[in-house]
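Numbering (the UniProt record's numbering), first residue to last: 1 to 224.
Right, one structure below, let's go through it.
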């Protein structure tokens, strides 16, 4: 059996045995190979070994073996989740999907997510507020588009509405949409000779960006 990191789908054989050797792995000294009755059983991180107080000469019952296995899986899942979070903020649902794709059980996935939430690595409200602030004022997307994108990323509706309300209390969608409409109208005046078509295209553009029809027609009247 390989001494490399365990895969979620490949549990070791569980049978009571005596720990006859604990050996640091050559490719990663932080991982320790556990030998039961002279045979390799599984490799675990040093922290898992210490958590379960495993030592040579100890009889390792099946219940303890299963607990060690679950601890090792949880540690691997946490490591995958943290690497995933290194690139950018993620929603709870995005991390859940990533761990499910890696093959971890629902129990392990929810355990790791609960830990990451408690330690503030995961916070859907913080994520949603940052997302809305960046894309509303920074990139000119309206509330409807932002709501749709946050739902798609698995943010609960109550969290989405709280984030939108928080940001919209400080930033007016109308004021965000106005310069976008002005630039698009100037472009359309050069590209589209038909006035009615220009008007339709401007409204369609603002709706695609996630602004309400009320704002779209208000800005159209201003520009006309």
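For every residue, glycine included, the Cβ atom is placed at its ideal position computed from N, Cα and C.
Here the structure is a predicted model, which means the values were calculated and not measured.
The count of Cβ pairs closer than 8 Å, one atom from the region 154 to 166 and one from the region 111 to 128, reaches three, so the stretches are in contact.
One alpha carbon belongs to residue 173, the other to residue 199, and they sit about 20 Å apart. When C-alpha distances from residue 206 are compared across 137, 184, 192, 152, the shortest belongs to 184. Contact check for residue 41 against residue 17 passes: the beta carbons are separated by less than 9 Å. In the structure shown, residue 159 falls within a helical segment according to DSSP collapsed to helix, strand and coil. Taking every protein chain shown into account, the CB of residue 82 has fewer than 16 other CB atoms within 10 angstroms, so this residue is exposed.
At a Cβ-Cβ threshold of 9 Å, residue 223 and residue 182 count as neighbours. Every alpha helix (DSSP H) of 4 residues or more that sits fully in the region 112 to 148 is shown, in chain order, as 124 to 133. Per the coordinates, the alpha-carbon of residue 155 lies some 19 Å from the alpha-carbon of residue 119. If you look at residue 94, you'll find it in the alpha helix (DSSP H) that goes 92 to 101.
In chain order, 71 place their CB closer than 7 Å to the CB of residue 51, counting only its own chain and leaving out the 5 sequence neighbours on each side. Inclusion of residue 93 and residue 147 in the CB contact set at 9 Å is not warranted, their separation being larger than that value. For residue 33, the enclosing beta strand (DSSP E) stretches over residues 28 to 36. If the five residues before and after residue 89 are omitted, its C-beta is found closer than 7 Å to the C-beta atoms of 127, 130, all from its own chain and listed in chain order. Residue state for residue 24 is assigned as strand, using DSSP reduced to three classes. Within the region 161 to 196, no run of beta strand (DSSP E) at least 3 residues long lies entirely inside it.
For residue 44, the uninterrupted beta strand (DSSP E) run begins and ends at 39 to 45, by DSSP. For the 9 Å CB-CB criterion, residue 135 and residue 180 do not form a contact. Here the alpha carbons of residue 139 and residue 117 stand approximately 29 Å from one another. The DSSP-derived three-state label of residue 109 is helix. In this structure, 28 is the residue among 53, 28, 37 with its C-alpha nearest to the C-alpha of residue 43.
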